[in-house]
Structure formats: structure tokens, C-alpha cells
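Okay, structure first, notes after.
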Amino acid sequence: MSIEIIQASLSSTDTRILKLYNQIKVGELVLRPFFQRKLVWKKIHKYHFIETILKNYPFPEIYISTGSMDTSKLTSIDWVVDGQQRLSTIYDYISSEGDFKSQNVVKPFNELSSAEQEIFLSYKVVVRDLGKINIDTIQEIFKRINNTEYSLNTNEKMNASYHNNSFMIFCKQLVDEEIDLSQPFVQDNNITLVSLVDRKKVSNIFKKVFNDNDIRRMNDLQFIMTLVISLELGYFNRRGEIDNYLDKYNEDYPSATQIKNLLLPIIDFIERLSLNDKSYWFNKANIFTMIIELSKMDYSNINISLLKERLEYIDEENKKFNSTHTIIDEFSYGLEQYFMYAKEAVNDKKSRIIRGEIFEKILLDCYN
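Taking the working numbering, the leading residue of the sequence shown gets 1387, the next gets one more, and so forth.
Okay, structure coming up:
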């Protein structure tokens, strides 16, 4: 890691919102480079922030850096180092997108008078330009700024530290269909890419598993890394195994294609089950167990209608168990034990093994 010492003081400029909006719109200002976390503001935070601007109150400065420069076309792309939440909120408000598409908390931009719109667009944002500095320095600045603001969790710090890691980029593709794969690092390191069609398939499954807060806080990323490692190594117990993989497979993850070819057909199989979006099987522990156990067998011989029937039966048994603590378990799968261990943390090896053994019985019972 090469951290620069910035010798000169950093200049700041007052930039109108209109200019920032247009830079974002045409791609000259990138809101979410690799080191950035996902958006964490809730609706109320966004509405309150827009009110701040409408009342012409000040807010903290934005940090940007030069991402890339094309000397032949005389163009450049800047990265937002700090201020992603604020600029995203401004962009969505003006465009009537996201949480501003249909709301009555703050007056919509298109309902402001021409004079009010002009005042809003003329609001000056303090922008501090870090200039052209290396990615490690940008990353260090980002982490230091965020030490005193909305605290980063372990997953977000990991994302900032390993933004250009081959193993992480492969895993990110499986939970983030909007990931930017045009970054030079991706192209230069020949990282195994997952097509947009396949990324959508996988993310459609995991959207049923993770809530908005999980996604904002990158819990889905930690889950998929654990899943990928388990597909390769089997069940493991240590959180440190993720760190080992990140360190070992920084430049190249040789098992990526193998894992992709293993996982995608399983995702197709789960889709074919047509389970209810609110199904018991779309919680973290259960989908984890289902995918790992399916990866161990030839599931092409499973009677998919029968498996769907059994899974729906178990779903109903779980509801009974939660309300009365009694179940029938007419197939003697050991459901009471499964229900108990499914409530425990996904990263506990003993829980995973017991859930896996019981789920294997269910699958074998549904073989043609």
C-alpha cells in the first residue's frame, strides 16, 4: 500500500448544485467508485437534507478526486471520495427518482416555482478537490473522514480496504447487479465476469433474503463470500477465513469460473421451485443450507414438485413450532432440531452441519 503525504493545502471551490447535477448525469462525476459503501441514509434523512438546502442552511463540504483523464479527448472523470449520500439525494430530488418519486414530506422539485428552482439549483456546495492521487491515499482519506461521521461497520471497512481485490469483485457481482465492471483493475486483472443476466438471476434470489438495511450495510457481501468459500471448502467456523481468502486471492481467484458454473444452475433450480417470496426458505440460514447441500448432489434427479411440497409443509410446521412449540414432523426429518439451529448464527459451524444433514434427508426423500 502506497500512502502519499499531501504537501500543499487542498483548494476548495463553491460549486452550484446545477453544475454538480449535470456532471453526475453525464458521468463526469462518479458517485460510487469501488471503495465507497452502499447508500445508508433512510428516507427521513434524505427529506431532512433537502429541507436543509431549501432553507439555504449550510452542510459539510464534499471531497472529490481525479479518477481518470483522457488527454486526447480533453475530458476527465472525477470520483466522489466523501459526499455520496448528499449528492445522490440531490440528484434523486431534482430527477424525482428513488425516494422522491412519490412522497409528500418535502415539496417536489417540479412543484417549486421557477424562482424557487433557480434558488435551489444556484445553491453553492463547498467542494474540496484532492486532485490526482493514488487509490490507496484516496482510500485512507475516505476511512479517516468516516471515522468521525456515520460509523463504518466491519463489512464496509473491508470493502474500502479491498476495493480492487479479485475475490471480492467476483463475490460482489453475485449480490450487486449494478456493480461497475469497467474499472481498469477489473480489465487488467482478467477477473472472471458474471454476465448481467446471471447477476440479475442471483440478485433476484438474494433480494428475498436481505432487507434494505442488510444491503446498505453490505451484510449481503459478507454472506456471499462465506457462501462461495463454503462451496469450495465445505462448512467452516472462522470469520478469519474470509480475510485469508482476501489476502490469498488479491490478484486472481482461480476457482471463480468453477464456482460460477456450480452456483448458477443451483439458482435456476431454486427459481423453478417457485416458492413464495416470504417463504421460510428465504432466510439467511436456510438459503445458505439449501445452496450448499444442493451443490453436493445430482439434483437433476430430484422431483421438483415433491420438493416444493415438502418445503412448503416444513414452512407451515415452522409457523406452528413458533406459536405452540409443537410439531408433527410426519417424515421424521428432525425438524425441531432444524428449527432451533436455523435461528442461530449462520457462521456457527455446528449449526451449519446439523442443518445440512437434515436438509440432505429432505432432498434424498425427493429423489425420483
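By construction, the Cβ of each residue, glycine as well, lies at the ideal position given by its N, Cα and C atoms.
Keep in mind the model is a prediction, meaning the values are calculated, not measured.
Looking at the DSSP output, Met1455 shares a beta bridge with Ser1462. In the DSSP assignment, Asp1468 is bridged to Tyr1449.
Beta-bridge pairing by DSSP links Ile1688 to Tyr1753. Sequence-distant Cβ neighbours of Lys1429 in its own chain, meaning closer than 7 Å and more than five residues away, are Asp1485.
In the DSSP annotation of this structure, Val1412 is not part of any alpha helix (DSSP H), being labelled neither H nor E. In this structure, Leu1404 keeps its C-beta atom at 8 Å or more from the C-beta atom of Ile1410. Secondary structure at Val1511: strand, using DSSP grouped into helix, strand and coil. Per DSSP, the continuous alpha helix (DSSP H) segment holding Thr1612 begins and ends at 1605–1619.
In the DSSP secondary-structure assignment, Arg1402 is bridged to Lys1510.
In this structure, Leu1473 places its C-beta atom within 8 Å of the C-beta atom of Val1466. Only residues of its own chain outside the window of five on either side were considered, and among them Pro1494, Phe1495, Asn1496 have a CB closer than 7 Å to the CB of Ser1482, listed in chain order. Annotated three-state conformation of Val1492 is coil, per DSSP. Residue nearest to Asn1551 within the set Lys1441, Arg1738, Ser1508, Tyr1635 is Tyr1635 (criterion: CA-CA distance). Relative to Lys1518, the option among Ile1739, Ser1454, Asp1400 whose CA is nearest is Ser1454. For Phe1674, the enclosing alpha helix (DSSP H) has its first and last residue at 1670–1680. For Val1561, the secondary structure class from DSSP, reduced to helix, strand or coil, is helix. For His1431, the enclosing alpha helix (DSSP H) stretches over residues 1429–1440.
Separation of the CB atoms of Lys1670 and Val1595 is rounded to 6 Å, and the pair is thereby assigned contact status at 8 Å.
Buried is the label assigned to Ser1451, since at least 16 other Cβ atoms lie within 10 Å of its Cβ.
The residue among Lys1682, Ile1740, Asp1701, Leu1650 with its C-alpha nearest the C-alpha of Phe1668 is Asp1701. In this structure, the alpha-carbon of Tyr1621 lies about 13 Å from that of Ile1610. Take the alpha-carbon of Ile1739 and the one of Lys1682: they are about 13 Å apart.
Per DSSP, reduced to three states, the secondary structure at Val1416 is strand. Apart from the 5 residues on each side of it in sequence, Gly1742 sits with its Cβ closer than 8 Å to the Cβ of Tyr1621, Thr1675, Ile1678, Glu1679 in its chain, given in chain order. In this model, Gln1503 and Asp1464 are separated by some 26 Å (Cα to Cα). Between the alpha carbons of Ser1398 and Thr1578 lies a gap of roughly 40 Å. Taking a 10 Å sphere around the C-beta of Phe1445, we find fewer than 16 other C-beta atoms and assign the residue as exposed. Proximity to Lys1735 across Glu1627, Ile1645, Ile1656 peaks at Glu1627, based on C-alpha coordinates. In this structure, the straight-line span from the alpha carbon of Asn1754 to that of Asn1687 is close to 6 Å. Burial is judged here by how many other beta carbons sit within 10 angstroms of a residue's own beta carbon; Tyr1443 has fewer than 16 and is exposed. In this structure, the CA atom of Lys1587 is about 32 Å from the CA atom of Phe1528. The criterion of a C-beta distance shorter than 8 Å is not satisfied by Ile1653 and Arg1696.
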